[in-house]
Structures are given as C-alpha cells and as structure tokens.
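In case it helps, the UniProt record's numbering puts the sequence shown at residues 1 to 363.
A quick write-up on the structure given underneath.
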Amino acid sequence: MAATPRSTPGPPDGPRPPEGPGGVFGHAHGGGRAHGHPYGHGHGHGSEERPDESCPRDLRGQLGVVIATRDRRATLARTLERLLALPESPRILVVDNASADGTADMVARSFPGVEVLRLTVNRGALARNEGVRALHTPYVAFSDDDSWWEPGALATAVDLLAARPATGLLAAGITVGPEGAPDPLNTVLAASPLGEGSAPRSRRVLGFLGCAAVVRRQAYLDVGGYHPLLFFGAEETLLAYDLAAAGWEVLHCPDVVARHSPADAPRPGRQALVRRNELLIAWMRRPLPVAFCRTAALCGEAVHDAQARRVARALLPRLPAALRLRRPLPRDVEEAARRVEAAHPAEETRAPGAAPSPEGAGA
C-alpha cells in the first residue's frame, strides 16, 4: 500500500523512499521494494486507470505551484491568469526575488487569490526552496513567470506521485510558444538510456527543466532542494543527482505537460555561469578524475578564449566550498550519469534536461 506523504511544515520526517538491493537504478535479483518494485512491469502499465479530465478536480489541498520571479510583472500577470484558470485550482505562491518593478504589489492588488512571499534579496533559484518550505502541500509544481501547466496536467501528476511513493520528481513534457510546438528536450528525455520508469510511458532520467517539474515535497526537502553554492544555472542536474542518490525515482512523464513561452532576448553571461556550475557539480558529486579532467580542459581553453577565462575566474573562488561539500554519487547513480553522458557526447558535462536557469529566477 502506498505510504501517505506528510504535509507538515519544516523538515519532513515521513517515510523515506523504499530501497532495493540494486539501488535506485538497480535491476538486481528481481527483489521487490518496500512498497512494490518501482521499476517492475509485472502488473502491466496498460491496466492503470487515467484520471477523468472531464471532471474538474480541486487540488488545492494536495498541490501548490511555486513561481520564482524578478522584475517581470507583465509576463507574470499573463502566467497567473492561465494558472488561475486551471480546473485543478492549485494553490499558487509567487516568490518575489527582490523585484524593483512592483511585482509583489501587483500580485497582491490584481490577484488576491495568489499568495506572495517577498524576499529582501535576490536568491536566484533558491527562491524555489523558500516557496516549497512555505507550502505544506504534499506535492509542488514549479512554473516560471513565462510558463504554465496545461489543463489536467497537475491532476495527472498528483495521481502518478500518489500511486508511487518512491517517485520524487516528474519531469514534464514541454510545449513551446503560442503554437505549442514540442520542445526538443522532450526527445532527449524520452530517449534516456536509463530505461523505463514505473509510470506509464515514462523514462528514468537525471535531468529536467526547472519550470516543467512536479516534486514530492518530502523528497525535495530531504535532499535540501536547489543547492546554495550554485545560485542558478544547471541547478537541475545537481538536484536530480541528489534525489537519485537518496533513492528517489526521477521520471520523465510526457503525459504531464507544461507550456513554456520564453522571451527571445539574449541572456548575457548565462552560458558561462552554466559551465561554472557544471564544473562545481563535478567537484561536488563526480569522481575526482572527472572533475580534474574537465577543469584542466577549461584551463586549456582559457589560454585563448575570453569566456573560458571568465568561467575560470568565477570557478576558482568557489572550489574550496565545493570540496568541503563533496559527496560522491553512489556507484549505481554514477554509472547512470556515465550512461547519460555516453548517450549525449556533445553535451558530456550536462545531463539531459539540465537547462540554464529559469528566466524568472533572477540574474
């Protein structure tokens, strides 16, 4: 029987994910886990009931949506209108990253049904941690100020998570722009070399897009959420690693769909920041030879490349902290990370779905 997640504030003290003899990516011995084998297929995916999307479901007590934003009040207002129109009626919490454009006041004035958490300083992706702590719902979905969820998607996510106590995060399918074109990331996640997940049509993954994810609050808080050393940029990769290392299943579920409408404006310095954080992640979680090799490659590039020099200058002051915080991945998760990289050699330092930071997290 599935364990009932706790929804009390503060650090979760409810049940931990069931562990099996082969680890989170194990196939060992055919043994079940405490609540049924989360990667087994013995019961057949085809027999699983789907929610009736024709009947609106009020999920306010089960799921909340956290939006981290900074100085994008017009874009945010359009997103809030879409989220408030969802048949699931989730709680919505805007975490304002010290905006200077009156974002928080606009939300309080124009959207009285939306909760606002005002931060006095820009905390980047860590604003999401504050939002998850403030919400006491068992499940939390993330949106950006330029993304929202399709009708029925959040009900599907709740059903999938409630039936699978070992699943910590669902990486949604993503459509882009007014025409709803499939995001290329969908293809990458659907082809994950880590195999089928426990949910219908799902794949086990080690990456996701921050504005298209639904988490089990307990799992997210168990691993500390997004890591403070990164601030923003590639933070999804480290969270996926830490969830998997703690025994939580991370799944790409295309039946849960988020819509993303990103601005076309360039983000100066974003790629340098992402690469810095990818290297910090290597030092914190990957084998030392991997971290050494990738850092040496950066230093070699820095001789002739100005952006590589910027990355190196940003990396070096943070290396002592990364080493203090070093916690290598368990063997099965490290092997999974290597399989992912082997499947995507052109992006060998980035797990699928480890996209740059959400637009609204703040620079």
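The C-beta atom is built at its ideal place from N, Cα and C for all residues, glycine as well.
Quickly, what does DSSP pair residue i with across the bridge? List them, please.
i	result
Tyr139	Leu63, Arg216
Pro182	Thr175
Glu115	Leu93
Arg204	Leu251
Arg167	Here residue 167 is Thr; the residue named in the question, Arg, does not match the sequence. Answer is Glu249.
Thr69	Asp96
His260	Ser147, Val176
Does residue i come within less than 8 Å of chain D when only Cβ atoms are used?
i	result
Ala125	Looking for chain D here will not work: only one protein chain is present.
Are the beta-carbon atoms of residue i and residue j separated by less than 8 Å?
i	j	result
Gly197	Glu235	no
Val95	Val140	no
Leu169	Ala337	no
Phe142	Cys253	no
Asn186	Gly195	no
Ala282	Arg294	yes
Ala153	Thr120	no
Asp255	Thr156	yes
Ser202	Leu161	no
Val176	His260	yes
Leu86	Pro165	no
Pro193	Val340	yes
Asp71	Ala108	no
Leu329	Ala245	yes
Ala171	Ala213	yes
Does residue i come out as helix, strand or coil in the three-state DSSP assignment?
i	result
residue 369	This structure gives no information on residue 369, because the portion of the chain shown stretches from 1 to 363.
Ser110	helix
Asp255	strand
Pro345	helix
Gly300	helix
Ala127	helix
Pro320	helix
Phe292	helix
Asp105	helix
Tyr241	helix
Arg338	helix
Ala74	helix
Arg326	coil
Thr79	helix
What are the boundary residues of the alpha helix (DSSP H) that includes residue i?
i	result
Trp248	Neither: Trp248 is in no alpha helix (DSSP H) and is coded neither H nor E.
Leu279	270-285
Arg310	306-315
Thr156	153-162
What is the residue span of the beta strand (DSSP E) that residue i lies within?
i	result
Ser192	First-last for Ser192: undefined, no H or E at that position.
Ser147	147-149
Contact the segment 75-95 vs the segment 106-121: 3+ CB pairs below 8 Å: yes
I want to know whether the segment 239-248 touches the segment 331-346 - three or more CB-CB distances under 8 Å. yes
Decide if the segment 128-147 is in contact with the segment 218-225; the criterion is three or more beta carbon pairs, one per stretch, under 8 Å apart. yes
contact_flag[the segment 138-153, the segment 69-87] where n(CB pairs < 8 Å) is 3 or more: yes
Counting beta carbon pairs with one atom in the segment 305-320 and one in the segment 269-276, are three or more of them shorter than 8 Å? yes
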